Amino acid sequence: MRSSLGYLLLSLGAVVTPVLAHHSIAAEYDDKKPITLRGTVTKFDWTNPHVYVWIDVRDAAGKTTNWAVEYESTLDLKRSGNGWNRDIVQVGDTVTAEGILARDGAKQISGKSLTTASGKKIATANPAAIKLA
4 MRSSLGYLLL
14 SLGAVVTPVL
24 AHHSIAAEYD
34 DKKPITLRGT
44 VTKFDWTNPH
54 VYVWIDVRDA
64 AGKTTNWAVE
74 YESTLDLKRS
84 GNGWNRDIVQ
94 VGDTVTAEGI
104 LARDGAKQIS
114 GKSLTTASGK
124 KIATANPAAI
134 KLA
């Protein structure tokens, strides 16, 4: 009896833990603060649980800041049918990212779309999940 209960609890823990570990967009990003960034790709990380594009953005004063743009998982993006794949951007490409700012003031946004160097604008797998004000 004890071993069955222990196995059940262990099994439930294995299922629940990944769900609890996943963060909410609303918890980390402010949908009242939309932003558009244009810059040069410095890194493209096509891995799970989230895809990241890092871009150097130059401000009006000429200062360059590196921003992280977080997108959904590789599987979600591929399944969207919007053209996402591991070769969509390359380091050195000039891109435009639209999204919402991180609540903690970090130079990070939750990406809603990405316009590639060729001018193709690709949305996330579920752009409706990110409400822009």
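What the sequence shown shows, in our numbering, is residues 4 to 136, in sequence order.
The beta carbon of each residue, even a glycine, is placed where N, CA and C say it ideally should be.
Nothing here was measured: the structure is a model prediction, and the numbers come from that model.
The beta carbon of E31 sits closer than 8 angstroms to those of A105, R106, D107 and S113, all from its chain and outside the five residues before and after it, given in chain order.
Between T43 and D59, the C-beta gap is smaller than 7 angstroms, which places the two residues in contact. Its Cα nearest to that of V94, the residue W57 stands out among S83, W57 and P52.
One thing to note: S76 has its Cβ within 7 angstroms of the Cβ of P52.
If you draw a 10 Å sphere on the C-beta of A64, you find fewer than 16 other C-beta atoms in it, and that means exposed. Rounded to the nearest angstrom, the gap between the Cα atoms of K115 and K66 is 25 angstroms. The residue from S83, R89, D48 and G122 with its alpha-carbon nearest to that of V72 is D48.
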